[in-house]
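Student:
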C-alpha cells in the first residue's frame, strides 16, 4: 500500500510539472507562419514575435488553432514575468522611465477580457481635399493625424496643455487648415497641426466652452458654426470673431445635403432636447416640435444625434436616448421627411423607451439582442445614414447596430466581445462618419474602417 501511495505521488508531481512547463511545438514538423517560427525559437525575441503576429493578422483572417492557443498562453505568461519587451521603446527624455507592465496583447481572448484596445477616440474626420488625410480627437491623448488613410498616426498636440479633443473640423479646400475643441477653447492650425492658436474674440474666449460640434459652411470655408454649452456661435471670418446666435447648450449641427443655407441644430434644454432649423444660413432659427420627443414629468430625453443623406435630401434621422415608460437607454429612432417640420416614431417598440423585450429592443445596452435596460447612452452615441441608400442606418452605442429597412428593424452584426468576426467594432462608439464610400468609426478601441457599408 505504501508503494502505491509513493507511485501515485510521483505521477502527480510529473503531471503537474508538465502542465506548468508546456513543451514547445516542433516548427519543423509542418509549414507555419513566421510569427510562430519566431515564437518557438530557443532565444525568443518577444518584440519580434508580437510585431510579426500583428502584421500577419492584418493580412490573414484569424483562425483559432494550436499555434494561436500557444501564443495566447505564451503572451499571458510574458505579461506576468517580463520587465521589457523590445518593441516598447524607452523614453527619450534624460530622466529615463521604463514601463514594467503588466501588458496584455491577448486580443482574441474574449473569455478573459471583452475586447482589445483602450484608445478612447471621440471623433474622426476625413479630408475632402485629400482623402488620405484624416484627423482624430481623443478623450485623453489630444489630436492625431494620418497621411496614409489610417495606417500610421502621429500626435499633433504634444506641446498643448490639453488632453480631450471632442470635436474637430477640416477645411474642405485645404487639409492643413483644421479646428479642434479642447481645454475650454477653440484651436486652429493652418499648417497641418504643427502650430496652434486659440481663436475667437475676447467675448468668446473669456468663456470656458464645452464644444460638441464644429462645422464649416459647405460652400464657404470662412463661415464657421460652433455648438457650445454656452450657446450657438457663428463666425464670418474663419473664427477671428463670433456672433452668438442663441444661448443654451447646443449639441449638434447638420447641413441639408443640397442647401448650405438650410441648417439643423439640436439643443439640450432641461430634461429634453429641442430641434431647430434655419433657412437663411443661421441668421434665424425656427423650433419644430411636431412628433419630436416630449418626455413627461419624471422622464428625460437629454441626448440626440441627427443624420442626413444625399440619397434622400429632405429626410432627417434622429437617434434619441433617455428614460421613459419604465425603461432607459434608447428613447427612440425618429424620422422626418420634410426637413424636420414633422417627425414620426420609427423604432423601437410601440412607445418611447419602455421595458426591453424582443419586440422593444434597447440598442444602448450591453447585450447584442437588445434585452437589457440602460447602457451608457449619455456617454457613447453615434448615428450615420448611408449616402447612397437612405434606408441603411447605423447606430452606435456600446454595440454597432444597423438597419436596412429605414429604421423599422435593427440587427447587431457582431457583439463587441467577439473581435474575430469580420463585422467587429469595439465597444463604446462615439462617432460614425461616411465620406463617400469610406465609413469610419471612432470608439474606445480606436478607429475602425469599412469600405463596404460596414459589412466588414
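Numbering (our numbering), first residue to last: 69 to 524. Note that the Cβ used here is the ideal one computed from N, Cα and C, for glycine as well. Remember, predicted model here, so these are calculated numbers, not experimental data.
#1: Determine the DSSP secondary structure at residue 106, reduced to helix, strand or coil.
#2: If residue 66 and residue 370 are in contact, beta carbons under 8 Å, what's the gap, nearest whole angstrom?
#3: Assuming residue 296 and residue 279 make a contact with CB atoms under 8 Å, what is their CB distance in whole Å?
#4: For residue 64, which residues from the same chain have a beta carbon less than 6 Å from its beta carbon, with the 5 sequence-adjacent residues on both sides left out?
#5: I'd like the span of the alpha helix (DSSP H) that includes residue 506, first residue to last.
#6: From which residue to which residue does the beta strand (DSSP E) around residue 214 run?
#7: Mapping the DSSP letters down to three states, classify residue 499 as helix, strand or coil.
#8: Taking residue 511 and residue 495 to be in contact with their CB atoms under 8 Å, please state how far apart those CB atoms are, rounded to whole angstroms.
#9: What residue range does the beta strand (DSSP E) around residue 193 cover?
#10: In whole angstroms, what separates the C-alpha of residue 136 from that of residue 446?
#11: Applying the 10 Å Cβ sphere with the 16-neighbour rule, what's the burial state of residue 504?
#12: Hey, residue 291 and residue 236 are a contact pair by Cβ (cut 8 Å); roughly how many whole angstroms apart?
#13: Look at the alpha carbon of residue 487 and the alpha carbon of residue 328, and state the distance between them as a whole number of angstroms.
#14: Which residue's Cα is closest to the Cα of residue 376: 316, 310, 325 and 231?
#15: How about residue 188 and residue 207: do their beta carbons lie closer than 7 Å?
#16: Mapping the DSSP letters down to three states, classify residue 330 as helix, strand or coil.
#17: Identify, in the order they occur along the chain, each residue of the same chain with its Cβ nearer than 8 Å to the Cβ of residue 269, setting aside the five sequence neighbours on each side.
#18: Under three-state DSSP, which class holds residue 302?
#19: Can you round the beta-carbon distance between residue 190 and residue 499 to whole angstroms, since I take them to be within the 8 Å contact cut?
#20: Please list the terminal residues of the continuous beta strand (DSSP E) segment that includes residue 280.
#21: Could you tell me the distance, in whole angstroms, from the CA atom of residue 244 to the CA atom of residue 258?
#22: CB residue 454 to CB residue 521, shorter than 7 Å?
Tutor: Looking at the coordinates:
#1: helix
#2: What the structure shows of the chain is the stretch from 69 to 524, and residue 66 is not part of that stretch, so it cannot be assessed.
#3: 5 Å
#4: With the chain represented from 69 up to 524, any question about residue 64 goes unanswered, as that position is not in the structure.
#5: Segment 506 to 511 is the beta strand (DSSP E) holding residue 506; no alpha helix (DSSP H) there.
#6: 211 to 214
#7: strand
#8: 7 Å
#9: 189 to 194
#10: 38 Å
#11: exposed
#12: No, residue 291 and residue 236 are not in contact; Cβ-Cβ is about 17 Å, not under 8 Å.
#13: 40 Å
#14: 325
#15: yes
#16: strand
#17: 308, 309 and 310
#18: strand
#19: 7 Å
#20: 279 to 285
#21: 6 Å
#22: yes
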